[in-house]
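In this text, residue positions in the sequence shown follow our numbering: the first is 33, and each later residue adds one. Glycine residues also receive a C-beta, built at the ideal position from the N, C-alpha and C atoms.
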Amino acid sequence: TQIAKGAADPGEFLSGIEAMTRELVQTHAAALDGKKDLFREEKPSVGKCPRCGSPVHEGKKNYYCSNKECAFVMWKNDRFFEERKTAFSAKIAAALLKSG
C-alpha cells in the first residue's frame, strides 16, 4: 500500500475515511428510519402481556413486557414461590400469563 511504502500520509487517509463515513451516514440516515427493528435479536416469548398484549420475555431476574412503555413485570424471586421452595420457571410464567 502507499502508506506502507511511505508514499501516503496515514493521517490524511484516516481523515478521508472519516469524511466518507460521515457523508454516508448523512445520506442514508433517512433510509434507516423505521428499520431499526430489523436488527434486533429475536427473543423467545413466554406469553402475552396481560396489560398491553405485547410479548413477555425472560430476563435474568424477571419476566418482562417487551413494550418499553408498559411496566408489567413478574419477579423470579417472588415470595410466593420462595416460601414453597419452588423455582419460578418459564413454564409457570407461561401458565400464569395464559390462564391468570
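message: Does the stretch 46-57 come into contact with the stretch 78-87, if we say contact requires no fewer than three beta-carbon pairs (one atom in each stretch) closer than 8 Å?
response: no
message: Starting from Val105, trace the beta strand (DSSP E) in both directions and tell me its first and last residue.
response: 105-107
- prompt: Tell me, which residues are paired with His170 by DSSP?
  reply: Within the shown structure, residues of the chain are numbered from 33 to 132, placing residue 170 beyond reach of any answer.
message: Classify Cys84: buried if its beta carbon has 16 or more other beta carbons within 10 angstroms, exposed otherwise.
response: exposed
message: Which residues does DSSP list as the beta-bridge partners of Gly79?
response: Val88
query: Around the C-beta of Val105, are 16 or more other C-beta atoms found within 10 angstroms, so that it is buried, or is it exposed?
result: exposed
message: Please report the distance separating the alpha-carbon of Ile124 from that of Lys117.
response: 14 Å
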